[in-house]
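Here the sequence shown is numbered in the numbering used here, starting from 1334 and rising by one per residue.
Beta carbons: idealized from backbone N, C-alpha and C, even for Gly.
Worksheet for the structure shown next.
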Amino acid sequence: MTLKLIAEDFIQPDCIDIVLPLYQELVEKTRTEAGCIAYDLYHDHKQIGHFVFIEEWVDRSALERHVQSEHFQCLVPQIDQYQTQAGRFTYLHGFETLLSKKEDQ
């Protein structure tokens, strides 16, 4: 069963130009990782500095390998120093998993 993740970053508006090349490298390298199905980054038009990653991984262990990857360990701390607040993470499974659990009962 795949895992979807929504990861939100909140970056100081005056530091976006510093962070963009870091995001670009993170996205490019992550998309080549084994187990990465999708890794897309969006910017909120209503809230400057609000960035949203929408990710899909083959499973939780693929996501964990991503978090331990060299590029993640190098780039994310550089990005995080420009945050205005801590990031938010939402882990998602399709609602079908709930239906199948209910059917198994």
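For R1421, the enclosing beta strand (DSSP E) has its first and last residue at Q1416 to L1425.
For Y1372, the beta-bridge partners assigned by DSSP are E1388. Short of 7 Å from the beta carbon of G1427, and not among the five residues preceding or following it, lies no beta carbon of its own chain. With a cutoff of 9 Å on beta-carbon distance, Q1401 and D1342 are scored as not near each other.
When rounded, the separation of the alpha-carbon atoms in Y1356 and P1410 is 12 Å.
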